[in-house]
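Everything in the sequence shown is counted per the numbering used here, starting at 23 for the first residue and increasing by one.
All residues carry an ideal CB built from backbone N, CA and C; glycine is no exception.
Structure, as structure tokens:
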Amino acid sequence: MLAHTVIPYLSEADYLAMEMTSPERHEYVDGVIFAMTGASRAHNQIGGNIYSFLHGQVKNTPCRVYMSDVKLKIADKKTYYYPDVMLGCSRQETDDYAVTEPCLIVEILSPATALTDKREKWAAYQHIPSVQEYCLVAQDKYSIKKYTRNPANPQDWFLDFYGQGDQVPLVCVDTSLSVQDIYAGVLA
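Here is the structure:
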């Protein structure tokens, strides 16, 4: 007979208390925690490239860019994720450890997280009213998949693909980022 593994339920308050002292990060989905894995050098470089570009764009504005150590709280779903890069322009943010109203979310795909990023997180991120854009960035090739909320009908999303030589328009900050700059130092 196979032994059962018990997956204990953890309250939101217990999760937040645990995260304050834990040496590793965990995502939280309605009572269940998931340990975060380490990132590759390519993953880290791509995230840093995107962060640096966005930081330069919003330096003298109320917008802020966050990297993977700041949680995204999805209040109505009792869920906390650690997106690779987030941009938020809301003046309503009051939590020092979590963002609730990002306008742009970027996930850098890795073999261990790609399905979660493409399905579970995408399904959750669609329900955050402030999110205007969601980008999925490959690590091993010039490939970016970008969802943009339709301003005329916020339930609908546009889907665009970008590759080598393209510019990725960013509605959130009214600029564009070159695919070459995203992959600088990663792909030849």
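With residue 99 and residue 146 assumed to form a contact (beta carbons below 8 angstroms), what rounded beta-carbon distance in angstroms separates them?
Your numbering for residue 99 matches position 77 in the sequence shown. Your numbering for residue 146 matches position 124 in the sequence shown. That belief holds up - the Cβ atoms of residue 99 and residue 146 are roughly 6 angstroms apart, short of 8 angstroms.
Please classify residue 49 as buried or exposed, where buried requires at least 16 other C-beta atoms within 10 Å of its C-beta.
On the sequence shown, residue 49 is found 27 positions in, with the first residue counted as 1. Under this definition residue 49 is a buried residue.
Could you tell me whether the Cβ atoms of residue 195 and residue 38 are closer together than 8 angstroms?
The residue given as residue 195 occupies position 173 in the sequence shown. The residue given as residue 38 occupies position 16 in the sequence shown. Not closer than 8 angstroms, so no.
If distances are taken between C-alpha atoms only, which option among 128, 104, 140, 131 comes closest to residue 119?
Indexing the sequence shown from 1 puts residue 119 at position 97. If we check each option's Cα against that of residue 119, 104 comes out closest.
Is residue 107 closer than 8 angstroms to residue 121 when the C-beta atoms are compared?
Looking up residue 121 in the sequence shown gives position 99. Looking up residue 107 in the sequence shown gives position 85. No, Cβ-Cβ distance for residue 121 and residue 107 is not below 8 angstroms.
Among the residues of its own chain, which have a CB less than 7 angstroms from the CB of residue 130, if the five just before and after it don't count?
Residue 130 sits at position 108 when you count from the first residue of the sequence shown. Taking residue 130 as the centre and dropping the five residues before and after it, the same chain places the C-beta of 65, 68, 69, 106, 159, 161 closer than 7 angstroms to its C-beta, in chain order.
Using a Cβ-Cβ cutoff of less than 7 angstroms, which residues in the same chain neighbour residue 79 once the five nearest sequence positions on both sides are dropped?
As a first step, residue 79 must be located in the sequence shown, where it is residue number 57. For residue 79, where only same-chain residues beyond five positions count, the Cβ hits under 7 angstroms are 195, 197.
Would you report the Cα separation of residue 41 and residue 90, rounded to the nearest angstrom?
Numbered from its first residue, the sequence shown carries residue 41 at position 19. Numbered from its first residue, the sequence shown carries residue 90 at position 68. Their Cα atoms are separated by approximately 14 angstroms.
With distances taken from CA atoms, which of 102, 62, 81, 71 is nearest residue 56?
Along the sequence shown, read from residue 1 onward, the residue named residue 56 stands at position 34. Residue 56 has its Cα closest to that of 102, out of 102, 62, 81, 71.
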